[in-house]
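Protein chains: 2
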Amino acid sequence: MLEQLKAIVGDANVLTAADMAKYSHDWMNTESWTPLAVVRPASTEEVSAVVKLASANKTAVVPVSGNTGLCVGTSAEGAVMISLERMNKIREIRPEARIAVVEAGVVLSNLREAVDDHSLIFPLTFGAQGSAMIGGNLSTNAGGSNVLRYGNTRDLCLGLEVVLPNGEIMNIMSELHKDNSGYNLKHLFIGAEGTLGIITGAVLKLFPKPRAYATAMVAVKSLPAALDLLAKLQAATGGSVEAFEYMPRGFIDTHLKVVKGARAPFEEHYDVNILVEVGASSDALAPDGRPAVSVTLEGTLAALLECGDVLDAVIAQNEVQRREMWARREAAAEICMPFMPMVSADIAVPTDKMEAVLDMIDGEIRKIDPDPFVIIVAHLGDGNAHYAVKTANMTAERKDEVTEIIEDCVLKFGGSFSAEHGIGTYKLPSMARRKNKTALAAMRAIKQALDPQNIMNPGKVIPEERGSI
Amino acid sequence: MLEQLKAIVGDANVLTAADMAKYSHDWMNTESWTPLAVVRPASTEEVSAVVKLASANKTAVVPVSGNTGLCVGTSAEGAVMISLERMNKIREIRPEARIAVVEAGVVLSNLREAVDDHSLIFPLTFGAQGSAMIGGNLSTNAGGSNVLRYGNTRDLCLGLEVVLPNGEIMNIMSELHKDNSGYNLKHLFIGAEGTLGIITGAVLKLFPKPRAYATAMVAVKSLPAALDLLAKLQAATGGSVEAFEYMPRGFIDTHLKVVKGARAPFEEHYDVNILVEVGASSDALAPDGRPAVSVTLEGTLAALLECGDVLDAVIAQNEVQRREMWARREAAAEICMPFMPMVSADIAVPTDKMEAVLDMIDGEIRKIDPDPFVIIVAHLGDGNAHYAVKTANMTAERKDEVTEIIEDCVLKFGGSFSAEHGIGTYKLPSMARRKNKTALAAMRAIKQALDPQNIMNPGKVIPEERGSI
Chain F
670 MLEQLKAIVG DANVLTAADM AKYSHDWMNT ESWTPLAVVR PASTEEVSAV
720 VKLASANKTA VVPVSGNTGL CVGTSAEGAV MISLERMNKI REIRPEARIA
770 VVEAGVVLSN LREAVDDHSL IFPLTFGAQG SAMIGGNLST NAGGSNVLRY
820 GNTRDLCLGL EVVLPNGEIM NIMSELHKDN SGYNLKHLFI GAEGTLGIIT
870 GAVLKLFPKP RAYATAMVAV KSLPAALDLL AKLQAATGGS VEAFEYMPRG
920 FIDTHLKVVK GARAPFEEHY DVNILVEVGA SSDALAPDGR PAVSVTLEGT
970 LAALLECGDV LDAVIAQNEV QRREMWARRE AAAEICMPFM PMVSADIAVP
1020 TDKMEAVLDM IDGEIRKIDP DPFVIIVAHL GDGNAHYAVK TANMTAERKD
1070 EVTEIIEDCV LKFGGSFSAE HGIGTYKLPS MARRKNKTAL AAMRAIKQAL
1120 DPQNIMNPGK VIPEERGSI
Chain V
670 MLEQLKAIVG DANVLTAADM AKYSHDWMNT ESWTPLAVVR PASTEEVSAV
720 VKLASANKTA VVPVSGNTGL CVGTSAEGAV MISLERMNKI REIRPEARIA
770 VVEAGVVLSN LREAVDDHSL IFPLTFGAQG SAMIGGNLST NAGGSNVLRY
820 GNTRDLCLGL EVVLPNGEIM NIMSELHKDN SGYNLKHLFI GAEGTLGIIT
870 GAVLKLFPKP RAYATAMVAV KSLPAALDLL AKLQAATGGS VEAFEYMPRG
920 FIDTHLKVVK GARAPFEEHY DVNILVEVGA SSDALAPDGR PAVSVTLEGT
970 LAALLECGDV LDAVIAQNEV QRREMWARRE AAAEICMPFM PMVSADIAVP
1020 TDKMEAVLDM IDGEIRKIDP DPFVIIVAHL GDGNAHYAVK TANMTAERKD
1070 EVTEIIEDCV LKFGGSFSAE HGIGTYKLPS MARRKNKTAL AAMRAIKQAL
1120 DPQNIMNPGK VIPEERGSI
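Going down the list, the sequences are from chains F and V. So the first sequence is residues 670 to 1138, counted in the numbering used here. So the second sequence is residues 670 to 1138, counted in the numbering used here.
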């Protein structure tokens, strides 16, 4: 089979043995595996040919792009890994139509830079954007810090090109904003983590680059007061809040301890710290000549300072200050590292239930350890919290116990055990015990229908049925 | 089976014979059929029981709500029709979370009125909203005039309750803005036109009611000039344009002829007439105390009048004038009626290709009839045109010929033969000859997997394979 793979992609692009090292473990280095080979096709046709060969040989294929996923979605023991890294062309940027046509291996930050030249943005943004690639962003429906305004990755995609498990190329590269011609396959393949096919290309939406940003760190009385601040800012700016990120006292303290040169956002320490950023989508200026959005942010904060809901606020006066605020937020993964192993939960609840669910989780975890170490950071505007916790004795059993506690609490509020990171293999147990059984059965039926040989990224997303192997 | 149905929903809610009259034809009265019975369940559990019974008897079931579809999606010869009309409860409106939880039989305009009391809107709006119901809106992924700002129906839905072809109830009634726990089934069932299951309930997104509207009729030099106006308005208002509706000269002329008391939008007659509406999502006021949005609209139009791109403009000074503008636009279906039969196409192209595709269609149709009668109205901001045309000799063959001409032109620009109306049975031939074959095969596999007996609204959306029955 190796020879046949070489015939398709060329000798240099079939990696084996030590050359596979960087493909043989996940981003967080929690698991490792040995693929049969790693192939690096240069075109959709080559991907198709590789998948057809694998299908004929009933051999598993595992697609990989930036490999920055947090749920071990690319484990590939004995499988042919298909790395999309050479499919890194931005095929087209059409500023007037506000679209970019890209291959799956384009690095997210490269796309962001390329469209910046046209005064446009591709809004998706998160810590790993210098490594993460569009194919993986789509396959995991990546979230990040701008979802509040622009939506998840699926909301940023108009069309797809996918190689199906039988090797056929499905071209649904639509540029259309309306298309009701049958089942919406685009949304099915987005977020399927490569288990239904390999995304090789996409038509992505671009947006006008905000004319100005107003960015601030704000200390607020409570989480409900923070949500009230968000609502007031949305009303005052016409829904232009781009980010609304919650960092509790523990996050700030840990950041100060772990990151060299880190500075506190305020002189005093507060419980509820919010990074807020508003993007001005209009050219409107205030009478004093500043962007209207800055004046609006200041005015809203000033009124809430007066009534006591806002306790303190610092507005970034320049790009350096803005960058420092963002660097603190984006250090979330980094500041967890020294405390590993932790249980890392990625939970979603209705936005107005965040305080209640965090309180409940805290109370329940203290029943097994009265002094847990916790790092929380939340996309508060989306109802999405990253909850990392370390208790005494972090054995596998203890981790399971803590995970179940968190899930119990989240489900009581109608929440999800996976907000933006996906399932991979890491959250298969949660999927098995928490996902609606009828929905799970429907997913199994769809997987079986599109991939009857179960060769396409097998063992991810959908847990094996109890009773089956 | 009738007795068993009565046992589930009660005698009064199993209709037969003449009582089925209003369920036995489509909205446009182009087709009629005789169901086995029409049942009117009052709850999701009753829907489930009816589907289980039908499944055991291998009898087709056809869901129907407002029955205002334009593609004959509810034909039900010999089938059990399940009317959702009694499931008309708004279960919950939660203003602070901006959601409504509704049953499938809620009439769209009733929901719009109910949330208005909370200064919120459910943005979906189109001519038939006084009859159309949420279940049908979701099943057809209805579009309408506000898609430009708020998206299609699928963008307005957070969660669903669905009765599957085996009668099981799938509860994915999420209120979450982020949920990456497996395949996105919500988007698969939305737009499936009841062929994969029956939507019985939904969690819908609500939006703040605009503080003010600025509405105008604008005569523009050309379609590219109209798109430039749209871009300038979006930049000036931060993307607050709610509607941007194109009515060419022929539409205005026909409207004047057909509708009693109709008035022309301008003293002169122009080729390119646009209804534009901007919603103020902020409280901003201009120095003279008027809503800033009105001043912005006036200013943008004034600048374009000066440079000659805009030829004329009338801004609504009050709600009566605004209503008159909308009434003209919403008379589109009415003014086609006297000219039936026509070929009614619902096409989408990339927004910047609208002029080219309309020109091409016009040229091609004139080759078979040098003087066709055409009524066009377009959601220009979405790239979606409703193109109704009557040529000499409107035989079935001629209609097919004209349809194929339109499809040929649309596909040359990467467009779709169904933008917002769906497929039903009316567009099965287009689906068979125009849809990507690999995508069609994937849809067939999914349908077969979820509905192996093919009892759920059979014969819609997915054309039979050539060679099969």
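Cβ coordinates follow ideal geometry from the N, Cα and C atoms, glycine included. It should be emphasised that the depicted structure is a prediction, and the values quoted were computed from it without experimental measurement.
Check	Outcome
Supposed close pair Phe-964(V), Leu-973(V) - CB separation, criterion 8 Å	Sequence inspection shows Val at residue 964(V); the Phe mentioned does not correspond to that position. Actually they do not touch by this definition, with Cβ atoms about 15 Å apart.
Range covered by the alpha helix (DSSP H) that runs through Tyr-819(V)	816-819
Three-way DSSP call (helix, strand, coil) for Ser-891(F) in this model	coil
From Leu-829(F), Ile-1030(F), Val-983(F) and Lys-1068(F), residue whose alpha carbon lies closest to that of Ser-843(F)	Leu-829(F)
Chain V residues whose Cβ lies nearer than 9 Å to that of Phe-1086(F)	Ser-850
Spatial neighbours of Gly-1093(V) in its chain, beta-carbon cut-off 7 Å, leaving aside the 5 residues before and after	Gly-738, Cys-740, Val-741, Gly-742, Glu-862 and Lys-1129
Residue environment, Ala-801(V), which counts as buried when at least 16 other CB atoms sit within 10 Å	buried
Min CB distance Gly-908(F) to chain V below 8 Å	yes
Through-space distance from Ala-748(V) to Val-708(V), alpha-carbon basis	11 Å
Proximal residues to Met-750(F) (C-beta, below 6 Å), its chain only, five neighbours per side dropped	Tyr-692, Pro-704, Val-707, Val-731 and Val-733
Whole-angstrom distance between Ala-885(F) and Arg-991(F), CA atom to CA atom	8 Å
Proximal chain V residues relative to Gly-812(F), where beta-carbon distance stays under 7 Å	Lys-847
DSSP three-state assignment for Asp-957(V), whether helix, strand or coil	coil
Buried or exposed (CB count within 10 angstroms, at least 16 for buried), Glu-975(F)	exposed
Buried versus exposed, by CB contacts within 10 Å (16 or more), Gly-774(V)	buried
Spatially closest choice to Asp-1021(V) from Ala-718(F), Ala-687(F) and Glu-765(F), by CA coordinates	Glu-765(F)
Chain V residues whose Cβ lies nearer than 9 Å to that of Ala-861(F)	Gly-851, Tyr-852 and Asn-853
Short Cβ contact (8 Å threshold) for His-1055(F) with Val-816(F)	no
Bounding residues of the alpha helix (DSSP H) (the contiguous stretch that carries Thr-1107(F))	1106-1119
Sequence-distant residues of its chain with Cβ nearer than 7 Å to Ala-933(V) (five each side left out)	Ile-921 and Leu-925
Test: Asn-1126(F) CB closer than 8 Å to a CB of chain V	no
CB contact below 8 Å: Lys-1104(F) versus chain V	yes
Contact between the stretch 1079-1089 of chain F and the stretch 1076-1087 of chain V (3+ Cβ pairs under 8 Å)	no
Any non-hydrogen atom of the ligand ZN closer than 7 Å to Met-994(F) Cβ	The ligand ZN is not among the ligands present in this structure, which contains no ligands whatsoever.
Straight-line Cα distance separating Asn-682(F) from Leu-674(F)	9 Å
Host alpha helix (DSSP H) of His-924(F) (start-end)	918-927
Cβ contact (3+ pairs, closer than 8 Å) linking the stretch 933-949 of chain F and the stretch 881-897 of chain F	yes
Beta carbon proximity, Thr-737(V) to chain F, threshold 8 Å	no
Ile-677(F) beta carbon less than 8 Å from that of Leu-722(F)	yes
Per-residue contacts from Asn-840(V) into chain F (C-beta, under 9 Å)	Asn-1105, Thr-1107 and Ala-1108
Exposure label - Thr-1060(V); buried when at least 16 CB within 10 Å	buried
CB contact check: Gly-742(V) to chain F, cutoff 8 Å	no
Distance, Thr-1107(V) Cα to Ile-1045(V) Cα	32 Å
Closer than 9 Å at the beta carbon, the chain V residues around Thr-809(F)	Asn-849
Bounding residues of the alpha helix (DSSP H) (the contiguous stretch that carries Phe-858(V))	854-858
Cβ neighbour criterion (16 or more within 10 Å) applied to Gly-968(F)	exposed
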